[in-house]
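Residue numbers (my numbering): 1 to 181. All C-beta atoms in this analysis are idealised placements derived from N, C-alpha and C, irrespective of residue type, glycine included. Everything below concerns the one structure shown next.
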């Protein structure tokens, strides 16, 4: 009886500390560039591409391709989420207002853009902790190597693939992934 009580106590403590339950992709809530709450639970049943973006990068023209992909596939079954980040060579120094103005004026960005975050280091945002740590996402570890790295999340909230910055948003690999039901 004593062992059973100890086992139950340990299980309850671990449960309260979150050790027995993996965090789901759908558990996250983030802020948009405009400061509004964006709840990932609204993404259930959709494929998602998460991209860390920057306004002063050699890959910045990918905003155009991201917007084209959004125009063609975005909406009911697919969402692109941009996370501006200043982790690489100070290539996203702007404020939320400056980032929004840049994206809208230069690329007509209409897909969801979130507040500027950190995608690596000691201040890594919880979403990117989930994306980069197998212990959290249950699939794989990865490092964010540069701006415009892409994370593909399937319609069940599972990490499906990590694509390097050089992989264009509208590549055959991405279009094929979108076509799979």
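Rounded C-alpha distance that separates residue i from residue j
| i | j | result |
| --- | --- | --- |
| residue 50 | residue 100 | 17 Å |
| residue 128 | residue 119 | 6 Å |
| residue 126 | residue 139 | 16 Å |
| residue 170 | residue 123 | 30 Å |
| residue 80 | residue 121 | 24 Å |
| residue 131 | residue 68 | 24 Å |
| residue 36 | residue 179 | 31 Å |
| residue 71 | residue 44 | 20 Å |
| residue 65 | residue 91 | 19 Å |
Limits of the alpha helix (DSSP H) - the one that residue i falls within
| i | result |
| --- | --- |
| residue 68 | 62–73 |
Anticipated Cβ contact below 8 Å, residue i with residue j, distance rounded
| i | j | result |
| --- | --- | --- |
| residue 147 | residue 54 | 4 Å |
| residue 160 | residue 116 | No, residue 160 and residue 116 are not in contact; Cβ-Cβ is about 25 Å, not under 8 Å. |
| residue 112 | residue 60 | Actually they do not touch by this definition, with Cβ atoms about 18 Å apart. |
| residue 46 | residue 155 | 6 Å |
| residue 48 | residue 153 | 4 Å |
Per DSSP, cross-strand counterpart(s) of residue i
| i | result |
| --- | --- |
| residue 78 | 47 |
| residue 38 | 30 |
| residue 85 | 117 |
| residue 52 | 83 |
Contained alpha helix (DSSP H) runs [length at least 4] in the segment 95–180, N- to C-terminal order
List check, alpha helix (DSSP H) in window: 96–107, 126–132, 134–137, 172–179.
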